[in-house]
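Numbering (our numbering), first residue to last: 92 to 221.
Presented below is the structure to which this report refers.
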């Protein structure tokens, strides 16, 4: 929105759609969709502006999309299915991190073995890593 210039008519609709797209992409944690937050971003003081020309339905639909992306129903409660999916994703991430941890430990032990075999002081060389 331009400086101190309020949008009117179709310009408001276009700006509203742009703001909703950005808010959906940002996600619920960063910018939850509500009429109040959209009102502030548009620079209006009256909520009645958002009730005209199906703007309220646009906002409600965008809010539902944002909550569905998060795995919540329109009231904000979690679905059991989405919680199970999150648990599965965390289990996958955990196994990947365990594998990475084992790989890094193997690399450090190899480095320490090579340093030690060359007769260098392992403690002195590893000091910057602490």
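A virtual CB, placed ideally from N, CA and C, is assigned to each residue, including glycine.
Give the straight-line distance between the Cα atoms of residue i and residue j, rounded to the nearest whole angstrom.
i: residue 121; j: residue 208; result: 52 Å
i: residue 107; j: residue 172; result: 32 Å
i: residue 52; j: residue 185; result: What is shown of the chain runs 92 to 221, which leaves residue 52 out entirely.
i: residue 194; j: residue 116; result: 35 Å
i: residue 158; j: residue 123; result: 9 Å
i: residue 128; j: residue 109; result: 14 Å
Does residue i come out as helix, strand or coil in the three-state DSSP assignment?
i: residue 153; result: helix
i: residue 211; result: coil
i: residue 219; result: helix
i: residue 147; result: helix
i: residue 175; result: helix
i: residue 140; result: helix
Figure out for me which residue from the options has the closest Cα to the Cα of residue i.
i: residue 152; options: 136, 176, 126; result: 126
i: residue 113; options: 191, 150, 174, 188; result: 150
i: residue 143; options: 156, 110, 99, 119; result: 99
i: residue 199; options: 210, 217, 155; result: 217
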